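Contents: one structure, followed by commentary.
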Amino acid sequence: MSTKALYLADTYLFQSSAKVEGIEQDEQGLAVILDQTIFYPQGGGQPTDIGVITSNSAEFQVNKVLYRPDGAIAHYGSMVKSEMKVGDEVSLSIDKDRRLLNARNHSAGHMLDFAVEKHYPQLVGIKGYHFPEGPYVEFEGSLSDEEKEQLPMVIQEAVQEMVTQEQPVTTRLVEAEELAKLCKHVLPNLPKDKPTRAMIVGDLALGCGGTHISNAKEVGSFIVRKVKKEQEKVRISYAIG
Numbered sequence: 111m112s113t114k115a116l117y118l119a120d121t122y123l124f125q126s127s128a129k130v131e132g133i134e135q136d137e138q139g140l141a142v143i144l145d146q147t148i149f150y151p152q153g154g155g156q157p158t159d160i161g162v163i164t165s166n167s168a169e170f171q172v173n174k175v176l177y178r179p180d181g182a183i184a185h186y187g188s189m190v191k192s193e194m195k196v197g198d199e200v201s202l203s204i205d206k207d208r209r210l211l212n213a214r215n216h217s218a219g220h221m222l223d224f225a226v227e228k229h230y231p232q233l234v235g236i237k238g239y240h241f242p243e244g245p246y247v248e249f250e251g252s253l254s255d256e257e258k259e260q261l262p263m264v265i266q267e268a269v270q271e272m273v274t275q276e277q278p279v280t281t282r283l284v285e286a287e288e289l290a291k292l293c294k295h296v297l298p299n300l301p302k303d304k305p306t307r308a309m310i311v312g313d314l315a316l317g318c319g320g321t322h323i324s325n326a327k328e329v330g331s332f333i334v335r336k337v338k339k340e341q342e343k344v345r346i347s348y349a350i351g
């Protein structure tokens, strides 16, 4: 059973409808499975969406969403009104402010990555944490002490330039060959036999399944909070406003 991921096509779709395909209890709790969903499942450094699923008689409060290996997206939470049944037609509503904050943080993290790729090409992004509580991007590679000292201002100015120029942010499916042309560094775990969803700003791209804003201006202000250098890894923490 797989769930159609509506959030991939539209970050700004905060309400929609679906059909209940399953209601299950597992080690994570009570889960509702739908034929399609606007709820983003936690992953790729981005936190889960939260919100409400309602039918004519029932209400389910969603506090965690997870992607399953079989392609199903499980909505975990609690029934706060009556009982929901398989086959019910339901309405979906997500927390709009949380979704937009997560999308802004995620896009800003990739814009940071693009700025590093341009100014510090010896660093290769290996991990992103785009939660509101202390977002950062981790890179493999090294910096001299002088580079470390200069980096915050260099990266802030580069990202803020994308914001000021109001560069469009787009997502689309690309074949592995095109992704290799768009990206200087392609993550090794991305599939080679099917298209990968790419997040694109200007002529730079990254393979990504998260939600993103439509224009860099939505990031607002951007600052580099801290640069931590440890052996052959560099962690750049950032904040948006």
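Residue numbers (my numbering): 111 to 351.
Where is the CB? At the ideal position from N, CA and C, for every residue including glycine.
Keep in mind that this is a model prediction, so the values were computed, not measured.
For residue i, the three-state DSSP class (helix, strand or coil)
i      : result
Ile265 : helix
Arg208 : helix
Leu176 : strand
Tyr150 : coil
Ala225 : helix
Val273 : helix
Asn166 : coil
Asp313 : coil
His185 : strand
Lys258 : helix
Gly219 : helix
Ala119 : coil
Glu287 : helix
Lys343 : strand
Leu253 : coil
Leu202 : strand
Lys336 : strand
Lys327 : helix
Leu144 : strand
Residue i burial status per 10 Å Cβ neighbour count (16 or more: buried)
i      : result
Asp159 : buried
Tyr348 : buried
Val120 : Residue identity check: residue 120 is Asp in the sequence provided, not Val. The residue in question, Asp120, is exposed, as its Cβ has fewer than 16 Cβ neighbours within 10 Å.
Ala290 : exposed
Asp136 : exposed
Ser188 : exposed
Ser254 : exposed
Leu233 : buried
Val190 : exposed
Ser331 : exposed
Asp313 : exposed
Ser217 : buried
Gly351 : exposed
Integer Cβ distance of residue i from residue j, believed to fall under 8 Å
i      : j      : result
Tyr186 : Thr321 : In fact, because the Cβ distance is near 19 Å, the residues do not count as touching under 8 Å.
Leu292 : Val284 : 7 Å
Val130 : Arg214 : With 8 Å as the limit, Val130 and Arg214 do not qualify as a contact, their Cβ atoms being about 31 Å apart.
Thr164 : Thr113 : With a Cβ gap of about 18 Å, Thr164 and Thr113 do not count as contacting.
Leu138 : Val175 : Checking the sequence, you will find Gln at residue 138 rather than Leu. Wrong, their Cβ atoms sit about 10 Å apart, outside the cutoff.
Inter-residue spacing [alpha-carbon to alpha-carbon] between residue i and residue j
i      : j      : result
Phe249 : Arg209 : 26 Å
Arg307 : Gly181 : 16 Å
Val311 : Arg282 : 12 Å
Gly161 : Glu259 : 42 Å
Lys327 : Gly219 : 14 Å
Val273 : Met309 : 16 Å
Tyr246 : Ala315 : 18 Å
Arg178 : Glu342 : 33 Å
Ile183 : Ser167 : 23 Å
Lys339 : Gly319 : 28 Å
Tyr230 : Glu257 : 9 Å
Glu276 : Val142 : 39 Å
Do the segment 160 to 172 and the segment 214 to 229 meet, that is, are 3 or more Cβ pairs less than 8 Å apart?
no
Please determine if the segment 241 to 261 and the segment 189 to 204 are in contact, where contact requires at least 3 C-beta pairs separated by less than 8 Å.
Touching, no, given that fewer than three Cβ pairs across the two stretches are closer than 8 Å.
Any contact of the segment 335 to 347 with the segment 267 to 283, i.e. 3+ C-beta pairs under 8 Å?
With the cut-off at 8 Å, the segment 335 to 347 and the segment 267 to 283 do not touch.
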